[in-house]
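First the structure, in the form of structure tokens, and then the observations on it.
4 protein chains.
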Amino acid sequence: MNKAKVKVGIIGATGYAGVELVRILLTHPNVELTALGSVSFEGKALSDVYPSLQGLCDIACTTTEEVIAKSDVVFACVAHGMSQDFAARCVVKGVAFIDLGADFRLADEADYERWYGGEFTEKALHAKAVYALPELFREQIKVNRVIANPGCYPTGIALGLFPALKAGLIEKSGIVIDAKSGVTGAGRSPSDTTHFPACNEAFSPYKIASHRHTPEIEQTLSAAAGEKITVVFVPHLLPVNRGILSTIYTKLRSGVTYKQVREQYESFYKDEKFVRIKSDGKIANLRDVKYSNYCDISLHFDERTGTLIVVSAIDNMVKGAAGQAVQNMNIIFDLPEDAGLCFIPPAF
Amino acid sequence: MNKAKVKVGIIGATGYAGVELVRILLTHPNVELTALGSVSFEGKALSDVYPSLQGLCDIACTTTEEVIAKSDVVFACVAHGMSQDFAARCVVKGVAFIDLGADFRLADEADYERWYGGEFTEKALHAKAVYALPELFREQIKVNRVIANPGCYPTGIALGLFPALKAGLIEKSGIVIDAKSGVTGAGRSPSDTTHFPACNEAFSPYKIASHRHTPEIEQTLSAAAGEKITVVFVPHLLPVNRGILSTIYTKLRSGVTYKQVREQYESFYKDEKFVRIKSDGKIANLRDVKYSNYCDISLHFDERTGTLIVVSAIDNMVKGAAGQAVQNMNIIFDLPEDAGLCFIPPAF
Amino acid sequence: MNKAKVKVGIIGATGYAGVELVRILLTHPNVELTALGSVSFEGKALSDVYPSLQGLCDIACTTTEEVIAKSDVVFACVAHGMSQDFAARCVVKGVAFIDLGADFRLADEADYERWYGGEFTEKALHAKAVYALPELFREQIKVNRVIANPGCYPTGIALGLFPALKAGLIEKSGIVIDAKSGVTGAGRSPSDTTHFPACNEAFSPYKIASHRHTPEIEQTLSAAAGEKITVVFVPHLLPVNRGILSTIYTKLRSGVTYKQVREQYESFYKDEKFVRIKSDGKIANLRDVKYSNYCDISLHFDERTGTLIVVSAIDNMVKGAAGQAVQNMNIIFDLPEDAGLCFIPPAF
Amino acid sequence: MNKAKVKVGIIGATGYAGVELVRILLTHPNVELTALGSVSFEGKALSDVYPSLQGLCDIACTTTEEVIAKSDVVFACVAHGMSQDFAARCVVKGVAFIDLGADFRLADEADYERWYGGEFTEKALHAKAVYALPELFREQIKVNRVIANPGCYPTGIALGLFPALKAGLIEKSGIVIDAKSGVTGAGRSPSDTTHFPACNEAFSPYKIASHRHTPEIEQTLSAAAGEKITVVFVPHLLPVNRGILSTIYTKLRSGVTYKQVREQYESFYKDEKFVRIKSDGKIANLRDVKYSNYCDISLHFDERTGTLIVVSAIDNMVKGAAGQAVQNMNIIFDLPEDAGLCFIPPAF
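Chains as they are written, first to last, in this note's numbering: chain A, 1215 to 1562; chain B, 1215 to 1562; chain C, 1215 to 1562; chain D, 1215 to 1562.
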């Protein structure tokens, strides 16, 4: 029996997350790409903006209205503050909504106000929306139609810390997260900081202890720990195109052994295709996950200080954005969770 | 009706071409990867050498004998001089042989001796082997079982010049080819020239007018022109991982217009999925073909000097090596020619 | 006896050429940096724009008027079309003027109109201005006060071809110049093409046979040849910060030997500190000249086709812009020509 | 009065630290480079190994004996374990010895045994040797002739933490150091990990909590704190040529304000030319110190967690190796401390 293909539309298709969605969806066996929305490039073909797509996606960009009208599911890749209205319009028409932005990620409106400076305009939708990190919250995602796709940094960090916190193996305070992201994380708009001569052969942290992903990270970790977790989070800009590597420093709780930690991680993720726990002595590397939906995690114990060091690596545009969004779509449309996502990470 | 899967083995699986073949073949719908051969890493899993493959290709490397015994087709990724014997052993057992090295590329033994310093040890096989650039020699490939997969530089250059020479639109002498290759072209063995601080923020030609791909390039161009073609060929080492971009300078023949050139290229490649002719004013770029099997070609005319400039871009590891080898396998096993090769080039 | 220090001002100090001038002039033993002009950053310290200069150049940017008033010599780093007026104002006050832009480079107003779209507004100044490539036109520079500092591409190319053309060793037609420039050549303003993810791991030609440096290149080569020279010139954008490498293809004239060519180059440049001819078999490389005022030139002969291949490498921001401008200043102020320019190129 | 020039020799001149010393010393006003020692390249010119030096340093490499015989001061750039003997031979002849390796850095032989696996073969020399970080230990350096030049990571980290620990502003336990180094830190020998396609577009920690610089870091921090300090230290390999950026996490002691911290740093370094404290809101960046002897330090306070975050950036080959070694030479020969070291960091 042939299932009908899922009709997929994208709002904000010409941004980096949008065009990465297109790359993935074009070879997805169960979907049909029906409409691409763009305000800046309306009427232009996506392949005019991204010549890599010549002959592969030459349909012209259209309006949000048309995207919603033609789709069973809409992916939104827009600046925060814009998705709530789009979501409402989708829900009215029975269209599933997957938001790659921040509008539905935070459960607490006060957090949203503090970090993003806006308010929840669609409170009923917020109550229904699910924070959709499949490996952690799969059951809630299945029954939902308003999907908050996690941020890039929070994805790698939550996957890296959740098992330890959930099992009570580490101290709940004093967590330090030193994260490094490739330049695509800054999006497609040129700026002084993403100008090639400014970031090539350069390296620096930014938004030190003040990045908007902080409350999102803490929300997930708090859910794991069963109490409010506060972290130090420092992102850095890495002169590579893709990837986020997070080096996470935590203290083992008294009496806990490193062996217990390893067993918990291996057990926690044993059925998860997209999480790979490195064996002892191996170290997660951006290189090994790029262009794929994998999250590689390595575990390290510093006996001298009792510190558990967790290293997690993802492709920020795949597991950290478009790939995870497709994974969520697969879940809510009851497709194989890895459909369209079986990219083998290239060795180089 | 289900066709049985083609059993595929690789000799030299741990080199860059080998692991790229693995990346492609792992998601190919019609093949089964049955054996990986490696002298240096016998007994080790390929994922020990390339951690990107963890969980995806953990089988241990084995001997050449076992690879041949278990396969319907063998890909050989070894240094020149080694393939002739392997080919003979395959042919005896009815195993198809696809050589990613140089042993069977040159028809003229004198050329082989001059540029590679060896001789044809299996003359009967050389007589049967086909130079397998599918877009140019598809019919000969179909009926063959000893396949000489073209070199990386020759692939992009031949695709870029063949239509113009075939149709007699350009002068046959005075062709200048300025080519630039990413560092994976040098293979996986570390060396002074591929050491990161030596080639990052650096750029230089190498093997000026003396690269071994020269006779191979001339052989194909001569076939197109119907007479002996001699070219100036200068390769450069480019500080990127992947890709070859060739800028090719030729003179339009008297009376020929640029419009005729464009029409010839568009017509010549109109049914070719993997060759994309850029529209006027657009320029081929490495970025737009990387991680894919496409060859992008742009055409430019300098009225001031009567020069036709052809720019061709490929991923040296895909269309320039492993991808084209799989395309050839598809042809000889009567599979859809693009099976396993529908990679969408990522925008970044 | 102490010579008084030369008072130096810069108009357009916050652009890339401007800040590179500052880097050089700050350690120049015979100058005093008296004023930095900037429209966009007036009132701001240069170190606010370029934090590398913190504590080294914290004076605030000021107006063009003030720059001219305080200086013995003014360097102008502004878009073409703006320098003519500045030059006139300097000349009136007896201030030497060194233009790093294009306004005074072309002797023929028709060329300027065709390639830049403007006209010579200060015809008397144009008659006096000198095209200031020191190794070629030193004597004219000495007696001049309006200096047209050569463009980046033309510098490397002219140094690479002048000796051969001057001595009549090569054919005057059919010259092909394939040049590759680092991204700083595009200046400090962010754009789609200089956005890190767009040009990292990418490579492409641009402005094929239509770059504005073409007439400037031809003007110098014509001066060498004694007749009008027309070239094919194709620049490429290279994913490195600095440097231009040009690969130049020419035909040896009948009866000329490669040995004669080498002798001519070695003789022509034997007293030139900043030109280094590589010995046979060695190849010029961007890496070896970066952050220095050297131009490295290597010579190669392709016997198969009678082609002389000249490779020249410079740092586009030093010998191709700010360094050469300082070299010119040294000449007109009768300072040692290498004063302030003895940078040893770092090995990495 | 003219001081005679200091005669300088280098053992291990062809390694990365050696050639960087040459780059610096060639323009140092008070030294004469008298001999370069190399085992691998004896008899070859340094410019054969590093073409950047063509015409600038063409003297042939010689033996250790000759280097010592010809020099007032010898810099040793050799693997650990080899310097002790060289030092002894220098001391006998009254030649000053500056070791860029690890042999004399650790005061405690037990530490040396544990982390480097050797023993102190010249115990008397160890007793006299000084750990020569000029900004911290200048007075001891002045009177010494056996100089242990600090390691690259320890230099940036010690400068970043010393003032806070010395003044008792931060907790002495729980210090986390997340450091990132360019690839030149791995030296000039090619290896799998420094092969361009393996480290370009890649990023990963290495030697997690087990790097040999750990005891050296702790030794200096303990000296500052007046008690034994233990740190978590995780280095990462960064795909750039040069530079080390360390992000350091510490807890402010109860009652201490961020304002006190800033005042302490500004006061502590107020007379130090080579340390630049960034003003509030500015962030240290590798880009701003490369090719220079500066250490940029920025200070950040996370109120939510009471964490003081110190970011320090150096060029690993200059302040982290050759530049600091020359700074030490200047001190012991009573030259201006910045002689030969006034490199302006380029903006790009």
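Glycine included, each C-beta is placed from N, C-alpha and C at the ideal position.
Keep in mind it's a predicted model, so treat the numbers as computed, not measured.
Would you verify that the beta carbon of residue 1562/A is, or is not, closer than 7 Å to some beta carbon of chain D? Here residue 1562/A corresponds to residue number 348 of the first sequence, with the count starting at 1. Judged by the 7 Å Cβ criterion, residue 1562/A is in contact with chain D.
Buried or exposed, going by whether 16 or more other CB atoms sit within 10 Å of the CB of residue 1494/B? Here residue 1494/B refers to the residue found at position 280 when the second sequence is read from its first residue. Burial call: exposed.
Threshold first: 4 residues or longer. Then list the alpha helix (DSSP H) segments lying entirely within the stretch 1334-1379 of chain B, N to C. 1337-1342, 1348-1356
The stretch 1305-1321 of chain D touching the stretch 1350-1366 of chain D, judged by at least three CB pairs closer than 8 Å: yes
Cβ-based neighbour list, residue 1297/D, same chain, cut-off 6 Å, excluding 5 preceding and 5 following: Position 83 of the fourth sequence holds residue 1297/D. For residue 1297/D, where only same-chain residues beyond five positions count, the Cβ hits under 6 Å are 1290, 1313, 1315, 1317.
Straight-line CA distance for residue 1410/D to residue 1461/B? Residue numbering aside, residue 1410/D sits at position 196 when the fourth sequence is read from its first letter. Residue numbering aside, residue 1461/B sits at position 247 when the second sequence is read from its first letter. Taking the straight line joining both Cα atoms gives about 24 Å.
With DSSP as the reference, please indicate the residues paired to residue 1246/A in a beta bridge. The residue labelled residue 1246/A in the question sits at position 32 within the first sequence. For residue 1246/A, which the question treats as bridged, DSSP gives the partners 1221/A.
In chain order, what residues of the same chain lie with their CB nearer than 7 Å to the CB of residue 1271/C, ignoring the 5 residues before and after it? As a first step, residue 1271/C must be located in the third sequence, where it is residue number 57. Excluding residues within five positions, the ones whose Cβ falls inside 7 Å are 1236, 1240, 1260, 1261.
Over what stretch of residues does the beta strand (DSSP E) that includes residue 1465/A continue unbroken? Mapped onto the first sequence, residue 1465/A falls at position 251. It spans 1458-1465 - the beta strand (DSSP E) in which residue 1465/A sits, taken as one unbroken run.
So, helix, strand or coil for residue 1311/A, using DSSP? Here residue 1311/A refers to the residue found at position 97 of the first sequence. Strand.
Strictly by DSSP, which residues pair up with residue 1570/D? Because chain D is modelled from 1215 through 1562, residue 1570/D falls outside the range shown and cannot be assessed.
Whole-number beta carbon distance between residue 1534/B and residue 1458/B, since they are thought to touch under 8 Å: Along the second sequence, read from residue 1 onward, the residue named residue 1458/B stands at position 244. Along the second sequence, read from residue 1 onward, the residue named residue 1534/B stands at position 320. Right, their Cβ atoms sit about 6 Å apart.
At 9 Å on the CB atoms, spell out the chain D contacts of residue 1377/A, in chain order. The residue given as residue 1377/A occupies position 163 in the first sequence. Here the premise fails: no neighbours, minimum Cβ distance about 19 Å.
Please go through the same chain and pick out, in chain order, the residues whose beta-carbon is closer than 6 Å to the beta-carbon of residue 1547/D, but skip the five residues on each side of it. Numbered from 1 along the fourth sequence, position 333 holds the residue referred to as residue 1547/D. Here the set comprises 1220.
Does the stretch 1507-1517 of chain D come close enough to the stretch 1364-1380 of chain D that 3 or more CB-CB pairs lie under 8 Å? yes
Rounded to whole angstroms, what is the Cα-Cα separation between residue 1215/D and residue 1230/D? If you number the fourth sequence from 1, residue 1215/D lands on position 1. If you number the fourth sequence from 1, residue 1230/D lands on position 16. Low confidence applies to residue 1215/D: its pLDDT is 45, below 50, so where it sits in the model is not reliable, and the reading given next is rough at best. Those two C-alpha atoms are separated by around 36 Å.
Going along the stretch 1335-1369 of chain B in order, which residues come within less than 7 Å of chain C, judged by CB to CB distance? Cβ contacts with chain C: none found.
Could you tell me which uninterrupted alpha helix (DSSP H) segments, each at least 4 residues in length, are contained entirely in the stretch 1466-1506 of chain D, listed from first to last along the chain? 1472-1482
Based on the DSSP output, what are the partners of residue 1274/B in its beta bridges? Against the second sequence, residue 1274/B aligns to sequence position 60. According to DSSP, which records beta bridges pairwise, residue 1274/B is partnered with 1259/B.
Chain D contact residues for residue 1544/C, given Cβ-Cβ distances below 9 Å: Within the third sequence, the letter at position 330 stands for residue 1544/C. Going along chain D, no residue has its Cβ under 9 Å from residue 1544/C, so there is no contact; the nearest lies around 17 Å.
Note down, in chain order, every chain D residue with its Cβ under 7 Å from the Cβ of residue 1645/A. Beyond the ends of chain A as shown, which are 1215 and 1562, falls residue 1645/A; an answer cannot be given.
Beta carbon proximity, residue 1408/C to chain A, threshold 7 Å: As a working note, residue 1408/C is residue 194 in the third sequence. Yes, residue 1408/C counts as interfacial toward chain A.
Nearest to residue 1416/C by CA position, among 1455/B, 1518/B, 1217/B, is which residue? The count along the third sequence starts at 1 and reaches residue 1416/C at position 202. Answer by Cα proximity: 1455/B.
From residue 1299/C to residue 1342/C, what does the alpha carbon distance come to, in whole angstroms? For the purposes of this step, residue 1299/C is taken as the residue at position 85 of the third sequence. For the purposes of this step, residue 1342/C is taken as the residue at position 128 of the third sequence. For residue 1299/C and residue 1342/C, the distance between alpha carbons rounds to 15 Å.
Identify the continuous beta strand (DSSP E) that holds residue 1516/D and give its terminal residues. Taking the fourth sequence and counting its residues from 1, one reaches residue 1516/D at position 302. 1509-1516 is the span of the beta strand (DSSP E), which, as asked, contains residue 1516/D.
CB-CB under 8 Å to residue 1520/C, same chain, minus the five flanking residues each way: which ones, in chain order? Position 306 of the third sequence, counting from 1, holds the residue named residue 1520/C. Contacts found: 1465, 1466.
Mapping the DSSP letters down to three states, classify residue 1428/D as helix, strand or coil. In the fourth sequence, residue 1428/D corresponds to position 214, counting from 1. Three-state result, residue 1428/D: helix.
Beta-carbon proximity check, residue 1528/D vs residue 1365/D, cutoff 7 Å: Mapped onto the fourth sequence, residue 1528/D falls at position 314. Mapped onto the fourth sequence, residue 1365/D falls at position 151. Contact flag unset, no.
Output, in sequence order along the chain, the residues in the stretch 1503-1535 of chain D whose CB is closer than 9 Å to any CB in chain A. 1504, 1512, 1514, 1515, 1516, 1517, 1518, 1519, 1521, 1523, 1525, 1527
Exposure of residue 1243/C, with buried meaning 16 or more beta-carbon neighbours within 10 Å: Indexing the third sequence from 1 puts residue 1243/C at position 29. Flag for residue 1243/C reads exposed.
Mind checking which residues open and close the beta strand (DSSP E) that includes residue 1449/C? The residue you call residue 1449/C lines up with position 235 of the third sequence. Residues 1446-1451.
Collapsed DSSP secondary structure at residue 1324/B in the structure displayed: In the second sequence, counting from the first residue as 1, residue 1324/B sits at position 110. Helix.
Short of 8 Å Cβ to Cβ, which residues in the stretch 1473-1496 of chain B face chain A? 1490, 1492, 1496
Outcome for residue 1224/D when other beta-carbon atoms lying within 10 angstroms are tallied against a minimum of 16: Here residue 1224/D is taken as the residue at index 10 of the fourth sequence, counted from 1. The residue in question, residue 1224/D, is buried, as its Cβ has 16 or more Cβ neighbours within 10 Å.
Find the residues of chain D that neighbour residue 1411/B, judging by a C-beta separation of less than 7 Å, and give them in chain order. Translated into positions along the second sequence, residue 1411/B becomes position 197. The contacting residues are 1397, 1398, 1455.
Return the bridge partner residues of residue 1528/D from the DSSP annotation. Locating residue 1528/D in the fourth sequence gives position 314, counting from the first residue. Its beta-bridge partners are 1458/D, 1509/D.
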